[in-house]
Amino acid sequence: MAARYKVLGLGAEAVIKLDLTSNTVLKQRIAKNYRHPVLDQVLRFSRTKAEARILQRARQAGVPVPSVFEASQDCIIMEFVDGALLVEVLDEKPGLGFAIGENVAKLHSKNIIHGDLTTSNMVLRKGQVYFIDFGLAFNSAKIEDMAVDLHLFKQALNSKHSRVLNTVWNEFVKGYALFQKHERVLQRLSIVESRGRYKFKKQ
Numbered sequence: 031m032a033a034r035y036k037v038l039g040l041g042a043e044a045v046i047k048l049d050l051t052s053n054t055v056l057k058q059r060i061a062k063n064y065r066h067p068v069l070d071q072v073l074r075f076s077r078t079k080a081e082a083r084i085l086q087r088a089r090q091a092g093v094p095v096p097s098v099f100e101a102s103q104d105c106i107i108m109e110f111v112d113g114a115l116l117v118e119v120l121d122e123k124p125g126l127g128f129a130i131g132e133n134v135a136k137l138h139s140k141n142i143i144h145g146d147l148t149t150s151n152m153v154l155r156k157g158q159v160y161f162i163d164f165g166l167a168f169n170s171a172k173i174e175d176m177a178v179d180l181h182l183f184k185q186a187l188n189s190k191h192s193r194v195l196n197t198v199w200n201e202f203v204k205g206y207a208l209f210q211k212h213e214r215v216l217q218r219l220s221i222v223e224s225r226g227r228y229k230f231k232k233q
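Taking the numbering used here, the leading residue of the sequence shown gets 31, the next gets one more, and so forth.
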């Protein structure tokens with residue numbers, strides 16, 4: 031008998047599987063043996079619920095994200111976004127930085143911090159850039175948190191897409207200008223980056 035599930039990813043927090051019969055994705059948070067069983071259950075259940083809510087809010091804000099079909103206890107069943115991971119295509123399509131910036135602007139306008147803005151968590155499908163994996167996402171209206179979100183994205187670009195870094199970032203900034211507070215966030219980003227350089231020099 032053919033296997034029903036195909037493992038797409040296994041992280042520290044969750045296992046992600048593709049249900050081959052329904053073509054949906056199942057994301058299940060992994061139990062942590064080092065935590066008290068009751069506390070572990072509470073954390074897994076609350077984080078699963080929070081992630082599902084953020085996905086729904088992001089979708090309402092106009093960000094292409096997977097549709098959530100069901101969320102219960104430690105598991106989310108959602109749409110499978112079948113496309114090319116941006117980490118594999120961005121070097122050839124640096125203009126997609128604009129769409130990424132637009133999406134982040136929409137998230138930040140609703141006080142949603144993605145928390146893991148890397149091109150491995152973005153999928154290109156039918157010309158649209160989808161954001162996936164909101165496992166580290168949280169709600170915040172702080173400019174500092176938004177700036178750190180951008181800092182992590184810029185670091186990811188430098189790590190995986192250094193050849194097109196400047197082009198992608200310039201396009202990103204144009205798209206991010208959709209966010210009313212973009213100037214304040216970019217100013218704070220400069221401070222965040224300077225803190226990082228200072229720490230590096232001290233080491």
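Heads up, the beta-carbon is just placed ideally off N, CA and C, and yes, glycines get one too.
7 Å Cβ shell around residue i - same chain, five flanking residues per side excluded
{"i": "Phe168", "result": "Ile143, Gly145"}
{"i": "Phe75", "result": "Gln103, Asp104"}
Exposure label - residue i; buried when at least 16 CB within 10 Å
{"i": "Ala42", "result": "exposed"}
{"i": "Glu81", "result": "buried"}
{"i": "Asn133", "result": "buried"}
{"i": "Tyr160", "result": "buried"}
{"i": "Leu187", "result": "buried"}
{"i": "Leu69", "result": "exposed"}
{"i": "Asn151", "result": "buried"}
{"i": "Arg65", "result": "exposed"}
{"i": "Val72", "result": "exposed"}
{"i": "Asp104", "result": "buried"}
{"i": "Lys235", "result": "Missing from the structure shown is residue 235; the chain here goes from 31 to 233 and no further."}
{"i": "Phe99", "result": "exposed"}
{"i": "Ala114", "result": "exposed"}
{"i": "Pro94", "result": "buried"}
{"i": "Arg225", "result": "exposed"}
Cutoff 6 Å; reference residue i; Cβ partners in own chain excluding five residues on either side
{"i": "Phe164", "result": "Glu81, Ile84, Leu85"}
{"i": "Phe128", "result": "Glu201, Lys204, Gly205"}
{"i": "Arg39", "result": "The question names Arg, but residue 39 in the sequence shown is Gly. Answer for Gly39: Ile46, listed in chain order."}
{"i": "Ile107", "result": "Thr54, Leu56, Phe99, Glu100"}
Start-to-end residues for the alpha helix (DSSP H) that takes in residue i
{"i": "Val178", "result": "173-190"}
{"i": "Phe75", "result": "67-90"}
{"i": "Ile130", "result": "127-139"}
{"i": "Val37", "result": "Segment 35-40 is the beta strand (DSSP E) holding Val37; no alpha helix (DSSP H) there."}
Given residue i as reference, the closest of the options once Cα atoms are compared
{"i": "Leu116", "options": "Ala91, Ile107, Val153", "result": "Val153"}
{"i": "Leu56", "options": "Gln185, Ala88, Pro96, Lys156", "result": "Pro96"}
{"i": "Asn196", "options": "Arg155, Leu126, Val111", "result": "Leu126"}
{"i": "Met176", "options": "Gly131, Arg155, Arg74, Asp104", "result": "Gly131"}
{"i": "Gly157", "options": "Asp112, Leu208, Arg214, Arg218", "result": "Asp112"}
{"i": "Ala61", "options": "Thr54, Ala91, Thr78", "result": "Thr78"}
{"i": "Pro124", "options": "Arg225, Trp199, Val215", "result": "Trp199"}
{"i": "Arg218", "options": "Phe209, Ala207, Leu180", "result": "Leu180"}
{"i": "Glu213", "options": "Arg225, Arg89, Glu174", "result": "Glu174"}
{"i": "Gln17", "options": "Leu120, Ala91, Ser52, Thr148", "result": "As displayed, the chain neither begins before 31 nor continues past 233, which places residue 17 out of reach and without an answer."}
{"i": "Arg89", "options": "Leu182, Gln210, Ile162, Leu48", "result": "Ile162"}
{"i": "Asn53", "options": "Lys190, Glu118, Leu208, Phe110", "result": "Phe110"}
{"i": "Leu216", "options": "Glu118, Phe183, Arg193, Asn63", "result": "Phe183"}
Same chain only: Cβ atoms within 8 Å of residue i, ignoring 5 sequence neighbours per side
{"i": "Leu50", "result": "Ala32, Ala33, Arg34, Tyr35, Lys36"}
{"i": "Ile221", "result": "Ala177"}
{"i": "Ser170", "result": "Asn141, Ile143, Met176"}
{"i": "Ala44", "result": "Lys57, Gln58, Arg59, Ile60, Gly165"}
{"i": "Lys92", "result": "Here residue 92 is Gly; the residue named in the question, Lys, does not match the sequence. Answer for Gly92: Lys136, listed in chain order."}
Enclosing beta strand (DSSP E) for residue i [first to last residue]
{"i": "Glu109", "result": "105-109"}
{"i": "Phe202", "result": "No beta strand (DSSP E) holds Phe202; the alpha helix (DSSP H) holding it covers 195-206."}
{"i": "Leu48", "result": "44-49"}
{"i": "Leu166", "result": "Note, Leu166: premise wrong, no beta strand (DSSP E); not H, not E."}
{"i": "Leu56", "result": "54-59"}
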